[in-house]
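Quick mapping for you: the protein sequence lines, in order, are chains L and H.
Our numbering numbers the first residue of the first sequence as 10 and each following residue consecutively.
Our numbering numbers the first residue of the second sequence as 173 and each following residue consecutively.
Ideal Cβ positions, reconstructed from N, Cα and C, are used throughout, including at glycine.
Predicted, not measured: the structure shown is a model, and the values here were computed from it.
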Amino acid sequence: QILSRVKPAVVCDGHLDAGENKNKNKAKKIPRLEDYLSQRDYLGALTLLEFQREEHADLWIGYCAFHLGDHKRAMEEYKEMTLKPDCPLEVWVYFGCSLFFLGLYKEAEEAALKGLMLLIVNVALSFYLLQFNDEKKLMGFHQNLEDITEDQLSLASIHYMRSHYQEAIDIYKRILLQNREFLALNVYVALCYYKLDYYDVSQEVLAVYLQSIPDSTIALNLKACNHFRLYNGKAAEAELKNLIDISSTSFEFAKELIRHNLVVFRGGEGALQVLPPLIDVISEARLNLVIYYLRQDDVQEAFSLIKDLEPTTPQEYILKGVVNAALGQEIGSRELLKFAQQLFQLVGGSASECDTIPGRQCMASCFFLLKQFEDVLIYLNSVKSYFYNDDTFNFNYAQAKAALGNYKEAEEVFLIIQSEKIRNDYVYKSWLTRCYIMNKKARLAWELYLKMETSSESFRLLQLIANDCYKMGQFYYAAKAFDALERLDPCPEYWEGKRGACVGIFQLILAGREPRETLKEVLPMLRSTGNPQVEYIIRILKKWAKDNRVTL
Amino acid sequence: MERKERQKTKLIINQPYDESLEVNDSEEVDSEYTPTPRRTASGKKNRQPDSMANNSSDEYEEDTKKKKGVVGQLGGSDHEEDEEEEEEDDEDDDDSDETESDEEEGEPGSAPEGAYDPADYEHLPVSAEIKELFQYITRYTPQNVELDYKLKPFIPDFIPAVGDIDAFLKVPRPDQKSDHLGLLILDEPCTKQSDPTVLTLWLSENSKQHNVTEVKVKSVEDPEKNPKAIENWIESISELHRSKPPATVHYSRQMPDIDTLMQEWPPEFEELLGKVSLPTADINCDLAEYIDIICGVLDVPVYKSRIQSLHVLFTLYSEFKNSQHFKVLAEGQKSYSQPGAHSATAEADTLTLD
Numbered sequence: 010q011i012l013s014r015v016k017p018a019v020v021c022d023g024h025l026d027a028g029e030n031k032n033k034n035k036a037k038k039i040p041r042l043e044d045y046l047s048q049r050d051y052l053g054a055l056t057l058l059e060f061q062r063e064e065h066a067d068l069w070i071g072y073c074a075f076h077l078g079d080h081k082r083a084m085e086e087y088k089e090m091t092l093k094p095d096c097p098l099e100v101w102v103y104f105g106c107s108l109f110f111l112g113l114y115k116e117a118e119e120a121a122l123k124g125l126m127l128l129i130v131n132v133a134l135s136f137y138l139l140q141f142n143d144e145k146k147l148m149g150f151h152q153n154l155e156d157i158t159e160d161q162l163s164l165a166s167i168h169y170m171r172s173h174y175q176e177a178i179d180i181y182k183r184i185l186l187q188n189r190e191f192l193a194l195n196v197y198v199a200l201c202y203y204k205l206d207y208y209d210v211s212q213e214v215l216a217v218y219l220q221s222i223p224d225s226t227i228a229l230n231l232k233a234c235n236h237f238r239l240y241n242g243k244a245a246e247a248e249l250k251n252l253i254d255i256s257s258t259s260f261e262f263a264k265e266l267i268r269h270n271l272v273v274f275r276g277g278e279g280a281l282q283v284l285p286p287l288i289d290v291i292s293e294a295r296l297n298l299v300i301y302y303l304r305q306d307d308v309q310e311a312f313s314l315i316k317d318l319e320p321t322t323p324q325e326y327i328l329k330g331v332v333n334a335a336l337g338q339e340i341g342s343r344e345l346l347k348f349a350q351q352l353f354q355l356v357g358g359s360a361s362e363c364d365t366i367p368g369r370q371c372m373a374s375c376f377f378l379l380k381q382f383e384d385v386l387i388y389l390n391s392v393k394s395y396f397y398n399d400d401t402f403n404f405n406y407a408q409a410k411a412a413l414g415n416y417k418e419a420e421e422v423f424l425i426i427q428s429e430k431i432r433n434d435y436v437y438k439s440w441l442t443r444c445y446i447m448n449k450k451a452r453l454a455w456e457l458y459l460k461m462e463t464s465s466e467s468f469r470l471l472q473l474i475a476n477d478c479y480k481m482g483q484f485y486y487a488a489k490a491f492d493a494l495e496r497l498d499p500c501p502e503y504w505e506g507k508r509g510a511c512v513g514i515f516q517l518i519l520a521g522r523e524p525r526e527t528l529k530e531v532l533p534m535l536r537s538t539g540n541p542q543v544e545y546i547i548r549i550l551k552k553w554a555k556d557n558r559v560t561l
Numbered sequence: 173m174e175r176k177e178r179q180k181t182k183l184i185i186n187q188p189y190d191e192s193l194e195v196n197d198s199e200e201v202d203s204e205y206t207p208t209p210r211r212t213a214s215g216k217k218n219r220q221p222d223s224m225a226n227n228s229s230d231e232y233e234e235d236t237k238k239k240k241g242v243v244g245q246l247g248g249s250d251h252e253e254d255e256e257e258e259e260e261d262d263e264d265d266d267d268s269d270e271t272e273s274d275e276e277e278g279e280p281g282s283a284p285e286g287a288y289d290p291a292d293y294e295h296l297p298v299s300a301e302i303k304e305l306f307q308y309i310t311r312y313t314p315q316n317v318e319l320d321y322k323l324k325p326f327i328p329d330f331i332p333a334v335g336d337i338d339a340f341l342k343v344p345r346p347d348q349k350s351d352h353l354g355l356l357i358l359d360e361p362c363t364k365q366s367d368p369t370v371l372t373l374w375l376s377e378n379s380k381q382h383n384v385t386e387v388k389v390k391s392v393e394d395p396e397k398n399p400k401a402i403e404n405w406i407e408s409i410s411e412l413h414r415s416k417p418p419a420t421v422h423y424s425r426q427m428p429d430i431d432t433l434m435q436e437w438p439p440e441f442e443e444l445l446g447k448v449s450l451p452t453a454d455i456n457c458d459l460a461e462y463i464d465i466i467c468g469v470l471d472v473p474v475y476k477s478r479i480q481s482l483h484v485l486f487t488l489y490s491e492f493k494n495s496q497h498f499k500v501l502a503e504g505q506k507s508y509s510q511p512g513a514h515s516a517t518a519e520a521d522t523l524t525l526d
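Put into structure tokens, the structure is as follows:
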């Protein structure tokens, strides 16, 4: 039998006798292998095994290397054993196991197959199939799994890997009910709750385990991750520091995971040094590097990292959508934008994500790309309270408001935005300009224009101000804008606009909505155009001014 | 506040109609207070069709308590009510323009609120000439300037890694005993792992197999950043040295100097050695007597305990053995005191000093 099926009645004393061993050292007795194994001091056990060089040590060396997490060494050890003529069949299975943990699924299957119909083959195969999403084959193998605790636990882990966390929790809880002493299962449940975003529930369940094993690496790391989600990076880093402090220097297990998470908790600090070598070692490393590049506005780099990634988790779908949306807008690719929109729709419409903040953001993004701004607002409003003062959120939110003609609110939201980068974006400036004009604050729009360097963008803004002001009957700034446009490009259309606007000012003066003095500014604007109509208009204006004792 | 109440009531009355009728967005836009597009959108999603009966805010609070990531239900009308209220609160003292401008939503192409309308100025008492001049205003039709939108994508937070869950793909103990890994305790190495170098040194020290050691020499990266590693190393090595037997022995009684003992024998004794060899361990006496004989021959005093004398004896032996001068000398005469010394080294393994 490969896996022990004995349900232990007593809790093994594991780590408790760490001090005991030291005493033994002082008593100068040669330690026994068992002492190291019970403390899970596999480095110690390996050193002892190598020192003693006893017969059949290779199986033990494989065992220790495997549980130390040194799968490469375990694989090499087992590989060597399989080359011997009288190699026991199960060694092939162990070989397969170590290959599996090295990510060599194909090889793992081949090796495990040689180990014949042992249970572990089934599990290894189903993991292999899982990687290729062969549902039908997978289910067939599951039926081969007998209802034994370890198999149930394997099944639960498969659920976990497929993001079916609730199913996994159900299995773990059922086994826990029958076997209270299976403390480790609490950590698995906590992992599931973490993945379901129930961070405080995760924390509670985790505490049960940490109470008896306070120095567990996996548990302490999970605790740090919960802190990151519940509080902030600082709180999380403190937890991780604690773990680093209690670890001995020869402790290599999960070292990469810890390095990775330190980058995460420090908001991306050191990402370029730490993350690239971890790509394909820790699945989150690639995503985090993409996030890092996005935050640095290096969209192209982000894209090349993610373009070949076949998304499987919501996070991957979201990130792929974000990158495609960013690049699609940057280079004006309809294709990328369509793809982004589909990805967003997929996540936002999924049962697991539709009620989460990222899910709502996805739906909003999807509708934004479709320019369905009523829908954008439904989704943004539903998460608005989480994003007070968030520039990205406000930028999208204000555009949606403005798109629907709600310029008052749009203006307010636009003005909350702090980011210089957004404020200098032409999209921001043009929409804010429109809001100002629609809210009858044409002067502010004009000032916005005056602050701009002369460029094609400032020319476009001038056109916007001229036409929108005209539309809104704010003829003074319409006239100024048309006048400026005409100087830059003397085309008849701008003249017509200026002519209408100048007459419009006159009308406003007559209606008492514009001070009479403004007329003084109208004349030079008209005169700058060499058109016969100019004299005709000026003559009427002058006549009126004379009649009404307005000095020009 | 009263107005708000009225609005609410109105909303509730309107609700069933809007829910049951498939209404066209653009036609309905002018209806009061409740722009249809939103409602249609929520209807499409089939989310909580009777959400008015639901108290959305309660549910929402409960959700956030448990789960940070989960947000409130997307009931179209719930949400709408919320928003109306919000707007009310924001601009309480505003005039009724507020709600009107809201109605514009969903119809961005039409003339916006407050647009220029020549009809507003028809009443002006002006001359025919000026009236004619006014026609210039309407002769120019302002263009609709289309503005670009830019979606600023919501960049997710960095994602911490929690590692994989135990797949129970395990190598069992070779002796088939249960290790309970992954059940009683997580299958992970404990944080306190022995340092292989230190342990190897320790093992060779305690098992006296000095010859075996092919000790790996390790180095510390960034030593200035890693004082802990250095401290640990110093600590464990000094621990190791403490556990070793002391390098020097303090004899309880006066012992002759090794150099003195290494002096040449008198010439006549040397001469005799050429003819007779020293007594071997095969001599007919017990070990204690044999020790006394050898020590006597080599001028090592024997007091109450022979142990200290033996220590002097073996120190003398190792001096000779390591001496380059005598090594060359010994090459010539192989038989030189070899056998006796040999049997004695076997005892060296168990030598202990008080």
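Flag this pair as touching only if the region 362 to 372 of chain H and the region 100 to 107 of chain L have three or more C-beta atom pairs under 8 Å; answer yes or no. no
Give me the Cα-Cα distance between L/Glu-339 and H/Lys-322, rounded to the nearest whole angstrom. Residue mapping note: residue 339 of chain L aligns to position 330 of the first sequence, counting from 1. Residue mapping note: residue 322 of chain H aligns to position 150 of the second sequence, counting from 1. Whole-angstrom Cα-Cα distance: 10 Å.
Residues of chain L with CB closer than 9 Å to the CB of H/Glu-294, please, in chain order. The residue given as residue 294 of chain H occupies position 122 in the second sequence. Neighbours of H/Glu-294 on chain L: none; closest Cβ ~11 Å, over 9 Å.
Helix or strand or just coil, what does DSSP make of L/Ile-222? As a first step, residue 222 of chain L must be located in the first sequence, where it is residue number 213. Residue state, collapsed to three classes: coil.
Check each candidate in H/Leu-305, H/Asp-292 and H/Leu-485 and name the one with the smallest Cα separation from H/Leu-433. Start at 1 with the first residue of the second sequence, and residue 433 of chain H comes out as number 261. The shortest C-alpha separation from H/Leu-433 is found at H/Leu-485.
Tell me H/Leu-353's beta-bridge partners as DSSP assigns them. Residue numbering aside, residue 353 of chain H sits at position 181 when the second sequence is read from its first letter. DSSP output for H/Leu-353 lists H/Ile-357 as bridge partner(s).
Opening and closing residue of the alpha helix (DSSP H) in which H/Leu-488 lies: Numbered from 1 along the second sequence, position 316 holds the residue referred to as residue 488 of chain H. Unbroken alpha helix (DSSP H) run through H/Leu-488: 478 to 494.
Check each candidate in H/Ala-339, H/Ser-376, H/Lys-493 and H/Gln-348 and name the one with the smallest Cα separation from L/Glu-159. Taking the first sequence and counting its residues from 1, one reaches residue 159 of chain L at position 150. Residue H/Ala-339 is the option with its Cα nearest to L/Glu-159.
Among H/Glu-411, H/Asp-394, H/Lys-447 and H/Asn-404, the one whose alpha carbon lies nearest that of H/Glu-377: For this step, residue 377 of chain H is matched to residue 205 along the second sequence. Answer by Cα proximity: H/Glu-411.
Should L/Pro-541 be flagged as near chain H, meaning a C-beta pair shorter than 8 Å? For the purposes of this step, residue 541 of chain L is identified with residue 532 of the first sequence, where counting begins at 1. Closer than 8 Å: no.
Any 3 or more C-beta pairs closer than 8 Å across the region 219 to 227 of chain L and the region 176 to 190 of chain L: no
Out of L/Thr-258, L/Ala-233, L/Ser-166 and L/Asn-241, which one is the CA nearest neighbour of H/Glu-407? As a working mapping, residue 407 of chain H is identified with position 235 in the second sequence. The shortest C-alpha separation from H/Glu-407 is found at L/Thr-258.
Under 8 Å between beta-carbons, which chain H residues line up against L/Leu-284? List them in chain order, please. By 1-based counting over the first sequence, the position of residue 284 of chain L is 275. Going along chain H, no residue has its Cβ under 8 Å from L/Leu-284, so there is no contact; the nearest lies around 10 Å.
Name the chain L residues that come within less than 7 Å of H/Ile-327, Cβ to Cβ? Mapped onto the second sequence, residue 327 of chain H falls at position 155. Simply Ile-300, Leu-303, Arg-304 and Val-331.
Between which two residues does the alpha helix (DSSP H) holding L/Ala-244 run? Numbered from 1 along the first sequence, position 235 holds the residue referred to as residue 244 of chain L. Element bounds for L/Ala-244: 242 to 255.
Under 7 Å from the C-beta of H/Asp-320: neighbouring residues of chain L: Along the second sequence, read from residue 1 onward, the residue named residue 320 of chain H stands at position 148. The contacting residues are Val-436.
I need the DSSP call for L/Glu-293, collapsed to helix, strand or coil. Sequence index remark: in the first sequence, residue 293 of chain L carries index 284 (1-based). Reduced to three states, the DSSP call for L/Glu-293 is helix.
Positions along the region 356 to 373 of chain H whose CB lies within less than 8 Å of some CB in chain L: Leu-356, Ile-357, Leu-358, Asp-359, Glu-360, Pro-361, Cys-362, Thr-363, Lys-364, Gln-365, Ser-366, Asp-367, Pro-368, Leu-371 and Thr-372
Collapsed DSSP secondary structure at L/Ala-66 in the structure displayed: Numbered from 1 along the first sequence, position 57 holds the residue referred to as residue 66 of chain L. Helix, per DSSP.
L/Gly-498 to L/Glu-429 span [Cα, whole Å]: The count along the first sequence starts at 1 and reaches residue 498 of chain L at position 489. The count along the first sequence starts at 1 and reaches residue 429 of chain L at position 420. In the sequence under discussion, the amino acid at residue 498 of chain L is Asp, which differs from the Gly named in the question. Approximately 31 Å, taken between the alpha carbons.
Let me check understanding here. Comparing Cα to Cα, which of L/Leu-249, L/Tyr-114, L/His-269 and L/Glu-265 lies closest to H/Phe-330? Along the second sequence, one-based indexing puts residue 330 of chain H at 158. Looking at the Cα atoms, L/His-269 is the closest of the given residues.
Straight-line CA distance for L/Trp-455 to L/Leu-532? As a working mapping, residue 455 of chain L is identified with position 446 in the first sequence. As a working mapping, residue 532 of chain L is identified with position 523 in the first sequence. Cα to Cα, the separation comes out at about 20 Å.
Along chain H, which residues have their Cβ under 7 Å away from the Cβ of L/Tyr-72? Here residue 72 of chain L corresponds to residue number 63 of the first sequence, with the count starting at 1. Here the neighbours are Val-343, Arg-345 and Pro-346.
What are the start and end residues of each continuous alpha helix (DSSP H) run of 4 or more residues lying completely inside the region 323 to 358 of chain L, in chain order? 323 to 340 and 343 to 357
Over the uninterrupted alpha helix (DSSP H) stretch that includes L/Pro-541, give me the two end residues. As a position in the first sequence, residue 541 of chain L is number 532, starting the count at 1. 541 to 556 is the span of the alpha helix (DSSP H), which, as asked, contains L/Pro-541.
Rounded to the nearest angstrom, what separates H/Glu-285 and L/Thr-527 at their Cα positions? Locating residue 285 of chain H in the second sequence gives position 113, where the first residue counts as 1. Locating residue 527 of chain L in the first sequence gives position 518, where the first residue counts as 1. When rounded, the distance between both Cα atoms is 25 Å.
For L/Ala-520, which option in L/Leu-185, L/Arg-369 and L/Gly-482 has the closest C-alpha, if you only look at C-alpha atoms? The residue labelled residue 520 of chain L in the question sits at position 511 within the first sequence. Among L/Leu-185, L/Arg-369 and L/Gly-482, the Cα nearest to that of L/Ala-520 is on L/Gly-482.
Please confirm if the region 203 to 213 of chain L is in contact with the region 232 to 240 of chain L, defined as three or more CB-CB distances below 8 Å between the two stretches. yes
Within 8 Å, strictly: CB atoms of H/Pro-346 and L/His-76: Taking the second sequence and counting its residues from 1, one reaches residue 346 of chain H at position 174. Taking the first sequence and counting its residues from 1, one reaches residue 76 of chain L at position 67. Not a contact, by the Cβ cut-off of 8 Å.
Does the beta-carbon distance from L/Leu-336 to L/Val-308 come in below 8 Å? The sequence position of residue 336 of chain L within the first sequence is 327, counting from 1. The sequence position of residue 308 of chain L within the first sequence is 299, counting from 1. Yes, they are a contact pair.
What does L/Gly-277 reach in chain H if we use C-beta pairs closer than 8 Å? What you label residue 277 of chain L is simply residue 268 of the first sequence in a count that begins at 1. Near L/Gly-277 (Cβ distances below 8 Å), the residues of chain H are Phe-330.
Against H/Ile-466, what residues of chain L qualify as contacts under a CB-to-CB distance less than 8 Å, listed in chain order? The residue you call residue 466 of chain H lines up with position 294 of the second sequence. Here the premise fails: no neighbours, minimum Cβ distance about 30 Å.
Beta-carbon spacing of L/Ile-546, L/Leu-535 below 8 Å: One-based indexing of the first sequence puts residue 546 of chain L at position 537. One-based indexing of the first sequence puts residue 535 of chain L at position 526. Closer than 8 Å, so yes.
Counting only runs of 4+ residues fully inside the region 258 to 310 of chain L, write out the alpha helix (DSSP H) ranges in chain order. 264 to 274, 280 to 287 and 292 to 304
Go ahead and pull the three-state DSSP assignment for L/Trp-101. Against the first sequence, residue 101 of chain L aligns to sequence position 92. It is helical.
Same chain, Cβ closer than 8 Å to H/Glu-442, five either side skipped, listed in chain order: As a position in the second sequence, residue 442 of chain H is number 270, starting the count at 1. Within the same chain, H/Glu-442 has close Cβ partners Glu-436.
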